[in-house]
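Structure, as C-alpha cells:
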Amino acid sequence: MSLKSIISPIFWSGLYYTGLSWFMREVVLRKRVTILLYHNPEPGDFQAHMAWLSSRYQFIPLQQLIDAIAQKDWQRIPAKALIVTLDDGHQSNYLLRDSIKQFQIPATIFACSHIVNTHRRYWWQVGYPDNQTLKTLPRADMLQQLKQKTAYEPEKAYPERCALSLEEIKALQAVGVDFQGHGKFHPILPLCEDAESHDEIVDGKKALEALVDNSVTFFAYPNGDYGEREINYLKQAAYRGARTTKLGWAQIDSDPFQLPSISVHESASVKKLSAQITGLHHYLFWFL
Numbered sequence: 002m003s004l005k006s007i008i009s010p011i012f013w014s015g016l017y018y019t020g021l022s023w024f025m026r027e028v029v030l031r032k033r034v035t036i037l038l039y040h041n042p043e044p045g046d047f048q049a050h051m052a053w054l055s056s057r058y059q060f061i062p063l064q065q066l067i068d069a070i071a072q073k074d075w076q077r078i079p080a081k082a083l084i085v086t087l088d089d090g091h092q093s094n095y096l097l098r099d100s101i102k103q104f105q106i107p108a109t110i111f112a113c114s115h116i117v118n119t120h121r122r123y124w125w126q127v128g129y130p131d132n133q134t135l136k137t138l139p140r141a142d143m144l145q146q147l148k149q150k151t152a153y154e155p156e157k158a159y160p161e162r163c164a165l166s167l168e169e170i171k172a173l174q175a176v177g178v179d180f181q182g183h184g185k186f187h188p189i190l191p192l193c194e195d196a197e198s199h200d201e202i203v204d205g206k207k208a209l210e211a212l213v214d215n216s217v218t219f220f221a222y223p224n225g226d227y228g229e230r231e232i233n234y235l236k237q238a239a240y241r242g243a244r245t246t247k248l249g250w251a252q253i254d255s256d257p258f259q260l261p262s263i264s265v266h267e268s269a270s271v272k273k274l275s276a277q278i279t280g281l282h283h284y285l286f287w288f289l
C-alpha cells in the first residue's frame with residue numbers, strides 16, 4: 002500500500018469537514034451550472050454519487066441549459082443546477098438505469114453512432130501499447146499503427162460487444178436518458194482531414210438520429226479536442242451546442258459550443274467527489 006493511498010482518504014475527509022466544498026457549492030458556484038463528465042462508471046459508485054448529489058443539487062437536462070443561454074434567461078435555471086453526461090456509449094452504461102430512474106436524472110449519453118449497436122470496438126480498447134502516443138498522430142497514421150500492431154479497423158466486428166445495443170438504448174431512453182452526438186468512431190477530430198472531420202460530425206448525426214429516433218442537436222468533442230473548423234461544422238449541421246472537457250462551470254454568457262465540464266474520477270468517494278465537483282481537486286492535484 003502506497004503512502005498516497007493512505008493519506009488521500011484522510012485528506013479528502015479533512016477537506017470535506019472543513020466546509021470548503023460546502024462554501025464553494027453554496028456560495029461561489031450557486032448560480033452556475035455544473036456539467037459532470039463520466040465514461041464508464043461502476044454501478045455501485047454511480048449510485049453512491051447520484052445519491053449524494055441528489056440531496057445537494059438540482060438535476061436538469063442539457064437542453065434546459067442551452068435554451069437559457071440562447072434566450073439569455075437565467076430565471077429558468079435553478080440554483081445549484083447539475084447536468085449528468087456520459088461519453089461513448091459503453092455497454093455497462095445500461096447497468097446505471099436503476100440509479101437514473103431512482104433519482105430521476107435527465108442524463109445525456111454522447112454516443113459514437115457507428116459503434117453503438119454493433120460488435121465494433123473503441124480504438125483504445127484493442128490492446129495497443131501506447132494509446133497516449135496514438136492521440137498525437139494524424140488519423141491516417143493512427144489507423145495504420147493500429148492495423149499493424151492489433152489488426153484493428155474501424156468497422157471490424159469482434160466476438161464480444163463493448164457498446165450499448167439498440168434494446169439497451171431504448172431501455173435507457175424509457176427512463177429519461179437523451180442520446181446525443183459523439184462522432185462515428187471517436188477519432189481525434191483536429192487530426193483528421195477536413196472531409197473526415199465533417200463526416201464524423203454530420204453523418205454521425207444522421208446515423209445516430211436514425212438509430213435512436215430522436216433529434217441530435219448536441220455534441221461532445223471526442224477526447225475533448227476541437228478547433229474552429231469543428232465548431233463551424235457543428236453550426237452548419239444545425240447542432241445547438243457542444244460540451245468540452247475544459248474545467249469550469251456554465252453561465253449565461255457561456256459559448257454554447259464550448260461548454261465546460263467537470264471530469265469525475267469514477268471510483269471517487271463522495272468526499273473526494275465533493276472536492277472534484279467544486280474544482281478544489283484541480284488546485285490540490287498532488288493528492289489525486
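For the sequence shown, the working numbering gives the first residue as 2, with consecutive numbering after it.
Just so it is clear, CB atoms sit at the ideal spot from N, CA and C, and this is done for glycine as well.
For residue i, the three-state DSSP class (helix, strand or coil)
i	result
H91	strand
F47	helix
F258	coil
A221	strand
L281	helix
L289	Note that L289 scores 44 on pLDDT, short of 50, meaning its location in the model is unreliable and no value can be drawn from it.
G205	helix
I36	strand
L192	helix
F104	coil
D179	strand
F186	coil
R77	helix
A52	helix
A239	coil
I110	strand
A71	helix
Burial state of residue i (16 or more Cβ within 10 Å)
i	result
E156	exposed
Q237	exposed
L167	exposed
A243	buried
V213	buried
S312	There is no way to answer for residue 312, as the model of the chain reaches only from 2 to 289.
E169	buried
K273	buried
S14	exposed
A251	buried
E231	buried
S56	exposed
G205	buried
Y159	exposed
T86	buried
A71	exposed
P10	exposed
V28	exposed
CA-to-CA distance, residue j to residue i, given in whole angstroms
i	j	result
K73	R241	15 Å
L54	K185	32 Å
E201	P191	11 Å
G182	Q105	22 Å
Q103	S216	25 Å
F24	W75	22 Å
Y58	A208	34 Å
L138	K247	21 Å
L66	D142	38 Å
I278	V271	10 Å
D226	T245	8 Å
M51	R162	27 Å
L135	L147	9 Å
G45	E197	38 Å
A175	D131	39 Å
Y18	R121	46 Å
A69	D256	12 Å
I101	R77	23 Å
Nearest candidate by alpha-carbon position, reference residue i, set the options
i	options	result
A112	K102, F47, N224, W75	N224
D89	P188, Q277, D214	P188
A82	L248, P107, E197	P107
L38	T109, L144, R121	T109
A239	S22, R26, Y95, T218	T218
K150	V203, A211, Y129	Y129
D313	K171, A172, N233, Q174	An answer regarding residue 313 cannot be provided, because it is not within the stretch 2 to 289 covered by the chain.
Y95	S22, W124, V117	V117
T310	F220, G249, Q92	Residue 310 is absent from the structure shown; the chain starts at 2 and stops at 289.
V34	I84, G228, G177	I84
A211	H115, A164, F60	H115
I61	V178, G20, L144	V178
F220	A164, L63, S264	L63
L173	R98, R140, Q259	R98
DSSP bridge partner residues for residue i (one or two, in chain order)
i	result
V127	In the DSSP output, where bridge partners are listed per residue, V127 has none listed.
Q59	A82
R244	A221, L260
Cutoff 8 Å: residue i Cβ touching any chain C Cβ
i	result
I116	Considering every chain present, this structure includes no chain C. It has just one protein chain.
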